[in-house]
Structure formats: C-alpha cells, structure tokens
Amino acid sequence: MILNLVLAAMLFGPLVLLRLFQITHTSLIAGFDPLPNRKAPFCENPKFVVTLFAALTFTGYLYLLYSLAVTFLRYGLPPCESDEAVFWSRMACSVGLFLGGTLLFLPRKSSGFRCAVAVGLPTVLCGVQYLVINHNEQQQAACAARSLPEAMAACRSNTAHYRFSTSSEGFATLTLIAPGTTDRAWNCLTNWTYHAESAPSLKIDESVYAAARRRAKLNSEM
Numbered sequence: 097m098i099l100n101l102v103l104a105a106m107l108f109g110p111l112v113l114l115r116l117f118q119i120t121h122t123s124l125i126a127g128f129d130p131l132p133n134r135k136a137p138f139c140e141n142p143k144f145v146v147t148l149f150a151a152l153t154f155t156g157y158l159y160l161l162y163s164l165a166v167t168f169l170r171y172g173l174p175p176c177e178s179d180e181a182v183f184w185s186r187m188a189c190s191v192g193l194f195l196g197g198t199l200l201f202l203p204r205k206s207s208g209f210r211c212a213v214a215v216g217l218p219t220v221l222c223g224v225q226y227l228v229i230n231h232n233e234q235q236q237a238a239c240a241a242r243s244l245p246e247a248m249a250a251c252r253s254n255t256a257h258y259r260f261s262t263s264s265e266g267f268a269t270l271t272l273i274a275p276g277t278t279d280r281a282w283n284c285l286t287n288w289t290y291h292a293e294s295a296p297s298l299k300i301d302e303s304v305y306a307a308a309r310r311r312a313k314l315n316s317e318m
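Heads up: the sequence shown begins at 97 in our numbering, then just goes up one per residue.
Right, dumping it as structure tokens:
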C-alpha cells in the first residue's frame with residue numbers, strides 16, 4: 097500500500113506541481129502592477145516570486161519522496177531504538193517547504209514579510225530536523241552500549257519470562273520461556289542484539305510454541 101503511494105507520487109506529483117506552477121505564474125504576472133519609473137523590490141518582482149515558489153515546492157516534493165524512500169524502502173539491520181522521530185521531522189521539513197511556497201500568497205501582508213516567512217519557516221523546521229537527527233544518533237549509540245540488564249529494563253521485559261544460560265560452546269544465551277511471548281519487548285531486545293557487541297544469542301523455548309498452540313486451540317473451540 098505504501099509502496100503504491102510512493103510510486104503514484106513519483107508518477108503524478110510532477111504533473112500536479114507543473115500545473116500548479118502554470119496557474120501561479122499566470123496569476124502572479126497578472127496581479128503585479130509596479131508603478132512606472134520605479135524599480136520594484138526583489139520581493140515584488142513576479143519572476144523572483146514565481147522562481148522562489150517553484151524552488152520551495154519542488155524541493156519539498158523531492159524531499160518528501162526521499163523521506164518516504166529512506167523510511168519504507170531501506171534495507172539492512174533495524175535501528176537499535178525506534179527512530180520514528182526522525183521520520184516525522186523529515187515530514188515536517190517537507191511540509192514546511194510546501195507551506196513556504198503557499199505563504200508567498202498571504203493576503204494583506206507586505207511582500208518582504210511574505211518572503212521572509214516563506215524562507216524562514218522551512219529553514220527553522222529543517223534546523224529542528226538536524227537537531228533531531230543528531231539526538232537520534234546519540235540515542236542509537238547509547239542503546240548499543242547498554243548491558244543486558246539495562247537493555248531488558250529499557251525494553252520493559254519481564255525477567256521471569258527469560259532464562260539466561262551458557263551454551264556448550266561457551267556462548268551466552270537468553271531464552272524466552274512461557275508464559276512469555278514474542279511481543280514488543282522481545283522485538284526490542286532482538287533489535288538491541290543486532291548492535292550490542294556483548295549481546296547474548298536469543299532463543300525461543302518450545303514451551304512458548306506449546307502455549308501458543310494451546311491458546312489457538314481454545315480460541316477455535318469457543
């Protein structure tokens with residue numbers, strides 16, 4: 097579903113933006129009427145405004161596609177900790193670029209104010225995104241540096257549902273046992289083991305599968 101939306105945006109997005117650009121160009125050229133023998137400020141120059149609108153809009157469109165592709169088409173290991181904040185900061189930056197182009201047409205506002213807001217808003221949002229990305233990198237590094245007890249506490253894992261042991265080869269092993277399930281805490285621990293250097297191997301005990309089969313049988317008989 098999401099892949100279809102991305103492909104549709106890539107196919108039809110440029111056509112919609114081109115049509116919007118044509119309409120905006122016509123309305124702006126018709127709406128500007130500078131006084132004779134007076135050099136209009138650059139913010140009142142229709143060519144400058146149209147160019148700024150096109151730059152903000154197309155940049156927002158391209159950055160939106162980039163954000164969707166990086167989030168939903170990425171490959172490799174999952175992050176140690178959720179990086180959802182980075183996705184939403186990218187979305188905010190894309191929306192800020194679109195809004196920047198729209199704010200060029202604020203009624204009853206001076207041309208200088210409109211240009212300042214149109215450029216300032218996406219600049220601030222993209223600056224916030226930069227801070228969010230830096231904070232996320234620090235969080236990922238801190239997550240990878242956690243010990244097993246710290247990781248279990250951060251993932252809110254029930255220690256009674258896990259058994260720690262050492263295999264015959266000498267490797268540390270953390271086994272999920274009944275009544276534990278492969279819930280969010282298990283997924284959180286799994287992501288942590290991909291990045292932590294001293295992480296144990298994770299296993300699922302047969303008792304977990306047996307409990308799941310019993311629950312499925314009871315549900316089918318109800």
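Built from N, CA and C at the ideal position, the CB exists for glycine as well.
Because the structure is a prediction, the values reported are computed rather than measured.
Exercise for the section: Can you tell me which of the three DSSP states ILE300 falls into? Expected result: For this step, residue 300 is matched to residue 204 along the sequence shown. ILE300: strand per DSSP, three-state reduction.
Exercise for the section: Below 8 Å on the Cβ atoms is my guess for LEU75 versus PRO218; work out the distance and round it to an integer in Å. Expected result: Residue 75 falls outside the range modelled here, since the chain spans only 97 to 318, and no answer is possible.
Exercise for the section: Specify the secondary structure class of THR153 as computed by DSSP and reduced to three states. Expected result: As a first step, residue 153 is located in the sequence shown; it is residue number 57 there, counting from the start. If DSSP states are grouped into helix, strand and coil, THR153 belongs with the helices.
Practice task
Report yes or no: do three or more beta-carbon pairs, one from the region 278 to 291 and one from the region 249 to 258, lie closer than 8 Å?
Solution key: yes
Exercise for the section: Consult DSSP for SER261 and reduce its assignment to one of helix, strand or coil. Expected result: Looking up residue 261 in the sequence shown gives position 165. In the structure shown, SER261 sits in a strand (DSSP, three-state: E or B).
Handout entry: Residues bridged to LEU272 [DSSP beta-bridge criterion]
Key = Looking up residue 272 in the sequence shown gives position 176. LEU272 pairs with TYR258, ILE300.
Handout entry: Residues near THR262 in its chain [Cβ-Cβ closer than 8 Å; skip 5 each side]
Key = On the sequence shown, residue 262 is found 166 positions in, with the first residue counted as 1. Closer than 8 Å at Cβ, skipping near neighbours: ALA268, THR269.
Exercise for the section: Output the distance between the C-alpha atoms of VAL304 and ASN315, rounded to the nearest integer angstrom. Expected result: Mapped onto the sequence shown, residue 304 falls at position 208. Mapped onto the sequence shown, residue 315 falls at position 219. Cα to Cα, the separation comes out at about 17 Å.
Exercise for the section: Could you tell me whether the Cβ atoms of LEU272 and HIS257 are closer together than 8 Å? Expected result: In the sequence shown, residue 272 corresponds to position 176, counting from 1. In the sequence shown, residue 257 corresponds to position 161, counting from 1. Result yes, Cβ atoms of LEU272 and HIS257 sit closer than 8 Å.
Practice task
With a threshold of 16 other CB atoms inside 10 Å of the CB of TRP288, please say whether the residue is buried or exposed.
Solution key: What you label residue 288 is simply residue 192 of the sequence shown in a count that begins at 1. Buried: at least 16 other Cβ atoms inside 10 Å.
Exercise for the section: Within the same chain, show all residues whose beta-carbon is closer than 8 Å to that of TYR290, passing over the 5 residues directly before and after it, in chain order. Expected result: Along the sequence shown, read from residue 1 onward, the residue named residue 290 stands at position 194. Closer than 8 Å at Cβ, skipping near neighbours: LEU173, PRO174, CYS176.
Practice task
Please name the residue in GLY192, ARG310, PRO296 whose C-alpha comes closest to that of GLY216.
Solution key: Taking the sequence shown and counting its residues from 1, one reaches residue 216 at position 120. Checking every option, the nearest Cα to that of GLY216 belongs to GLY192.
Problem - Alpha-carbon spacing of LEU114 relative to PHE154, whole angstroms - result: Counting from one through the sequence shown, the residue named residue 114 turns up at place 18. Counting from one through the sequence shown, the residue named residue 154 turns up at place 58. Confidence in LEU114 is poor, its pLDDT being 48 and thus under 50, which makes the residue's placement unreliable; the coordinate value appears in the next sentence. One C-alpha to the other measures close to 9 Å.
Exercise for the section: Check PRO142 in the structure and name its three-state DSSP category. Expected result: Position 46 of the sequence shown holds residue 142. Three-state result, PRO142: helix.
Practice task
Run through the region 182 to 208 for me and flag every whole alpha helix (DSSP H) of 4 or more residues, listed as ranges in chain order.
Solution key: none
Exercise for the section: Whole angstroms is fine: what's the gap from ALA150's alpha carbon to GLY197's? Expected result: Here residue 150 refers to the residue found at position 54 when the sequence shown is read from its first residue. Here residue 197 refers to the residue found at position 101 when the sequence shown is read from its first residue. Each residue's Cα considered, the two are about 7 Å apart.
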